Amino acid sequence: MISNQEQEYAQLMQMALDKISNLEAEVDRLKNQKQSEAIAIIGMGCRVPGGASIPEAFWDILQNGVDAITEVPPDRWPINKYYDSDPTTPGKISTRYGGFVEQLQEFDANFFGISPKETIHLDPQQRLLLEVSWEALERSGINPQQLTGTSTGVFVGICGSDYTQKILTQGLEQIDAYLGTGNSHSTASGRISYLLGLKGPSLAVDTACSSSLVSIHLATTSLRNRECDLALAGGVNALISPEFSINFSKAGMLSPDGRCKTFDATADGFVRSEGCGMVVLKRLSDAVAHGDNILAVIRGTAINQDGDTSGLTVPNGTSQQAVIRQALENGGVDPASISYIEAHGTGTSLGDPIEVGAIGTVFGKTHSQEQPVIIGSAKTNIGHLEGAAGIAGLMKVVLQLQNHKIAPSLHFNQPNPYIDWDTITSTSRDQAHLLANKW
935 MISNQEQEYA QLMQMALDKI SNLEAEVDRL KNQKQSEAIA IIGMGCRVPG GASIPEAFWD
995 ILQNGVDAIT EVPPDRWPIN KYYDSDPTTP GKISTRYGGF VEQLQEFDAN FFGISPKETI
1055 HLDPQQRLLL EVSWEALERS GINPQQLTGT STGVFVGICG SDYTQKILTQ GLEQIDAYLG
1115 TGNSHSTASG RISYLLGLKG PSLAVDTACS SSLVSIHLAT TSLRNRECDL ALAGGVNALI
1175 SPEFSINFSK AGMLSPDGRC KTFDATADGF VRSEGCGMVV LKRLSDAVAH GDNILAVIRG
1235 TAINQDGDTS GLTVPNGTSQ QAVIRQALEN GGVDPASISY IEAHGTGTSL GDPIEVGAIG
1295 TVFGKTHSQE QPVIIGSAKT NIGHLEGAAG IAGLMKVVLQ LQNHKIAPSL HFNQPNPYID
1355 WDTITSTSRD QAHLLANKW
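Under the numbering used here, the sequence shown has 1370 at position 436, and the numbering climbs by one with no breaks.
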């Protein structure tokens, strides 16, 4: 027979267990809330081909269907010296084209406290990052000079090293004390933190074409983990010397006519481009509390890797499906609610079918002709910005949301026969489509 004392003890134990269970449930709830906390985009800055030095000018290029690709300008490399239509010719490039930022060499070094001597070996990528980051902050309503000592993070996607190559080909006597800091990728982010006195995480990301989107992923994760309260994130790319264009040409990656014919039957490679894009990120709750101008909201991100494929540069459709599903899950987003996808869309005969196949597998069953998912790519306008390609695509999506319109994709005349079009319902073509503002 159980005594009263034993009954009271059993009741206390049960109450304690119930309390622990409730606390564990609350911890799980808070963890899930933290992992899916929405992130606000409150400012943007950019430099893209076509003379666009502000987001509004970028939008003009997109909505008007402008093709911003040109011949390689003489201040980069003498195209007649390096061009040959035969891609097998040693030391030559099989295209004359690219996407270029105007007046790349113009830079107010004094404004950023950089000496003329140091500026000589300052990679134009670092120059662009300084200018565009400053502008993005100002456009978000933040005085950059008032960020000193704050927990602000800097996340930069960067994978090119053309300027280093150009300097070194001029001879080893060109090396001075500023070559390292002027061209190191770590300094590309670190210089921004140094200039503004920022105390949050500061890092450069090189995952090739996804570099700038991975920087966005890391920035949102850092904000959710309270490692920083504000973040600058994006990417940069500059085409200064011909060596890597020769490499891409030899790999058969470049389109001879210099056009990304995304999803088209004539897709034959991409065109190299340069540019820079940076966004200012803040936790949505903080942005609302501070009365910030919220341009768009990031609900969820995800990251993975192709792993073992048939070749080092061959994409993996299964991995692409997985990362899309994970991003949707992380953001608590129903696939049926998605109306537009900004695709990687390099315009390659292999990559395009794999990417559209992954998109179709994830979204095909939740969409129809009456409720389509539209796909497009900014690469048809401005080319492949490589390390900055992802941020250009993200900014395009934000601009479409701001203007309630889907911009047309160019160079799509005959659907790629290797794409299973039955799994996907719509492609943005020659005219702008109205977009319901769902965010």
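By construction, the Cβ of each residue, glycine as well, lies at the ideal position given by its N, Cα and C atoms.
Since we're looking at a predicted model, the values are computed, not measured.
Does DSSP put residue i in a helix, a strand or coil?
i       : result
Lys1372 : For Lys1372, the predicted structure reports a pLDDT of 38, less than 50, and the residue's modelled location is therefore unreliable. A value from the coordinates is still provided. Here Lys1372 sits in coil by DSSP.
Thr1004 : strand
Asp1364 : Bear in mind that a pLDDT of 47 at Asp1364, under 50, signals an unreliable position, so the number given afterwards is only what the model happens to contain. It is coil, neither helix nor strand.
Phe992  : helix
Tyr1031 : strand
His1301 : coil
Ser1189 : coil
Val1331 : helix
Val1267 : coil
Glu1036 : coil
Ser987  : coil
Lys1133 : coil
Pro1349 : strand
Arg1217 : strand
Glu1107 : helix
His1119 : helix
His1318 : strand
Ile1180 : helix
Residue i and residue j look like a contact to me (Cβ under 8 Å); what is the Cβ gap, rounded to whole Å?
i       : j       : result
Ala1292 : Gln1336 : Not quite, the Cβ-Cβ distance comes to about 28 Å (not below 8 Å), so this is no contact.
Val1214 : Leu1166 : 6 Å
Gly1321 : Asn1171 : 5 Å
Gln882  : Lys1299 : With the chain covering only 935 through 1373, there is no way to say anything about residue 882.
Ile1237 : Val1148 : 6 Å
Taking just the CA atoms, how far does residue j sit from residue i?
i       : j       : result
Thr1029 : Ser1095 : 21 Å
Ala1370 : Asn1227 : A caution first: Ala1370 carries a pLDDT of 43, below 50, which makes its placement in the model unreliable, though a value can still be read off. Near 20 Å, if we compare the C-alpha coordinates of Asn1227 and Ala1370.
Asn1347 : Gly1279 : 15 Å
Ser1343 : Gly1327 : 12 Å
Gln1104 : Ser1271 : 55 Å
Leu1137 : Glu1161 : 13 Å
Cys1210 : Asp952  : 54 Å
Asp1364 : Phe992  : Below a pLDDT of 50, predicted positions are generally treated as unreliable, and Asp1364, at 47, falls in that range; no measurement from the model is reported.
Asn1117 : Lys1100 : 11 Å
Gly1317 : Ile1003 : 7 Å
Ala1341 : Gly1192 : 21 Å
Ala1221 : Arg1233 : 14 Å
Trp1373 : Val1231 : Its pLDDT being 33, under 50, Trp1373 is placed unreliably in this model, and the value from its coordinates should be taken loosely. Distance between the alpha carbons of Trp1373 and Val1231 is about 7 Å.
Phe1197 : Leu1106 : 45 Å
Leu1284 : Gly1310 : 17 Å
Phe1178 : Gly984  : 22 Å
Ser1253 : Thr1235 : 15 Å
Met978  : Leu1038 : 19 Å
Trp1068 : Ala1142 : 25 Å
Pro1422 : Ala1199 : The structure shown does not extend to residue 1422, since the chain is modelled only from 935 through 1373, so no value can be given for it.
Pro1078 : Leu1319 : 27 Å
Name the residue from the options whose alpha carbon lies nearest to the alpha carbon of residue i.
i       : options                            : result
Tyr1097 : Ser1123, Gln1060, Gly1091, Asp1268 : Gln1060
Pro1287 : His1345, His1338, Asn1238, Asn1350 : Asn1350
His1151 : Val1090, Thr1082, Ala1221, Ile1272 : Val1090
Ile1358 : Ala986, Phe1297, Leu1147, Val1332  : Phe1297
Phe1041 : Tyr1031, Trp1355, Ile1054          : Ile1054
Val1139 : Tyr1128, Thr1121, Gly1131          : Thr1121
Thr1086 : Lys1051, Ala1312, Gly1134, Ser1144 : Gly1134
Thr1115 : Leu1106, Tyr1128, Ile975           : Tyr1128
Ile1048 : Tyr1031, Ile1126, Pro983, Ala972   : Ile1126
Gln1080 : Val1088, Cys1093, Ala1043, Leu1132 : Leu1132
Arg1158 : Leu1218, Val1205, Gly1124          : Leu1218
Leu1071 : Ser987, His1338, Arg1010, Ile976   : Ile976
Trp1011 : Val1205, Ser1074, Thr1022, Pro1176 : Pro1176
Ala1312 : Ile1325, Pro1050, Pro1058          : Ile1325
Ile1275 : Thr1300, Val1307, His1301          : Val1307
Ile1013 : Thr1023, Tyr1031, Ser1244          : Tyr1031
Thr1082 : Ser1144, Asp1110, Ala1111, Leu1164 : Leu1164
Ala972  : Asn1315, Ile954, Gln939, Glu1263   : Glu1263
Asp1354 : Thr1023, Val1290, Leu1229, Val1331 : Val1290
Val1006 : Gly1033, Ala986, Thr1023           : Gly1033
Gln1334 : Gln948, Glu990, Ala974             : Glu990
Would you list the one or two residues that DSSP bridges to residue i?
i       : result
Gly1168 : Val1090, Met1212
Ala1223 : Paired residue(s): none; Ala1223 is not in a bridge.
Cys1194 : Its beta-bridge partners do not exist; DSSP assigns none.
Tyr1017 : Ile1027
Gly1291 : Gly1291 is not bridged to any residue.
Tyr1128 : Answer is none; Tyr1128 lacks a bridge partner.
Ile975  : Leu1215, Ala1230
Cys980  : Gly1211
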